[in-house]
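A.B. asks: Numbering (the working numbering), first residue to last: 2 to 232. We put the beta carbon where it would ideally sit given N, CA and C, even for glycine. These numbers come from a predicted model, not from an experiment. Sharing a structure, written as C-alpha cells. Questions coming.
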C-alpha cells in the first residue's frame, strides 16, 4: 500500500500557483529564522523548522491523494486518512507558538513577532489547504453534508490535539511510543470534564476559531460560484 502512483498532470498544473505561494511563504519563515540565528548566534527559534516540517506532512499526504491520476480506493484512502488525521493537528498547533513571544536581546521585538506570525500563518495555510483536499475527497464519495461533518469533526479533533500538544506535551507519535499514558490522559478529560476546564476551553475556542477560518477560506475560494467573478 503506497502513495507511489501516477500523477495527474492537469491537476498538478492547476495546483502550481498554490505550491508556489506556499513555497514562498515557507521560504520567508526559513529566512527569518536563519537571519535571527546569524544575528544572535543562538538557535532560539530553530524548533520552528521542525514544527513546520510536521505541519507539512498532512498537506503532503492530502496533496498526493488529490493529485493521483486515478481516484484513490478505500484500501488506500482509509489508512492514509488515519495517518493524515494523526498529523493534522501539527499544522494549526503552530499558532500556539505565539506563546514564545517575549522580548529578547539581539533582535527587535517586532522581528520576533513577524517571525512567529509567519510560521503561524504557514501552519494555518497548510492546515486549510490540506483539509480542503480531504474534504473534497470525502464529499465526492459521501455527499455534501457528510463532507462538512468530516471537516467539522477533523477540526474539533485537531483543536483537542492542539491542547494535548501544547499543554500536556504529547506528540503525534506518542500514539505508538506512549499509547497508555496518552489514552489515560484523554480518558480523564472525558470522565472528569469539570476538573479539566482548561482542556475543553482550549478545545472549544480553537475549534470555533479553526472552523470559522476554514469556512472563510472556502468562501473566498468560491468567488465564481458566488457570482463575484472579476470582470
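(1) Please identify the residue among 210, 171, 49, 73 whose C-alpha is closest to the C-alpha of residue 129.
(2) Suppose you measure from the CA of residue 168 to the CA of residue 104; what does that come to, to the nearest Å?
(3) What is the DSSP secondary structure of residue 200, reduced to helix, strand or coil?
(4) Indicate whether residue 54 and residue 127 have their beta-carbon atoms separated by less than 8 angstroms.
(5) Contact check, residue 86 vs residue 155 under 8 angstroms by CB: the rounded distance?
(6) Counting C-beta neighbours from all protein chains within 10 Å, is the total for residue 215 16 or more, i.e. buried, or is it exposed?
(7) Suppose you measure from the CA of residue 11 to the CA of residue 25; what does that come to, to the nearest Å?
(8) Mind checking residue 184: buried by the 16 CB within 10 Å criterion, or exposed?
(9) For residue 169, does the three-state DSSP call read helix, strand or coil?
(10) Looking at the secondary structure, which residues open and close the alpha helix (DSSP H) in which residue 185 lies?
(11) Kindly indicate the opening and closing residues of the alpha helix (DSSP H) around residue 132.
(12) Comparing C-alpha positions only, which one of 201, 100, 65 sits nearest to residue 162?
(13) What does the Cβ neighbour count give for residue 111, buried or exposed, with the cut at 16 atoms within 10 Å?
(14) Can you grab the Cα-Cα spacing for the pair residue 1 / residue 182, in whole Å?
(15) Does DSSP put residue 105 in a helix, a strand or coil?
C.D. replies: According to the structure shown:
(1) 210
(2) 22 angstroms
(3) helix
(4) no
(5) 6 angstroms
(6) buried
(7) 22 angstroms
(8) exposed
(9) coil
(10) 180-192
(11) 110-143
(12) 201
(13) exposed
(14) A query on residue 1 cannot be resolved here, the shown segment of the chain reaching from 2 to 232 and no further.
(15) coil
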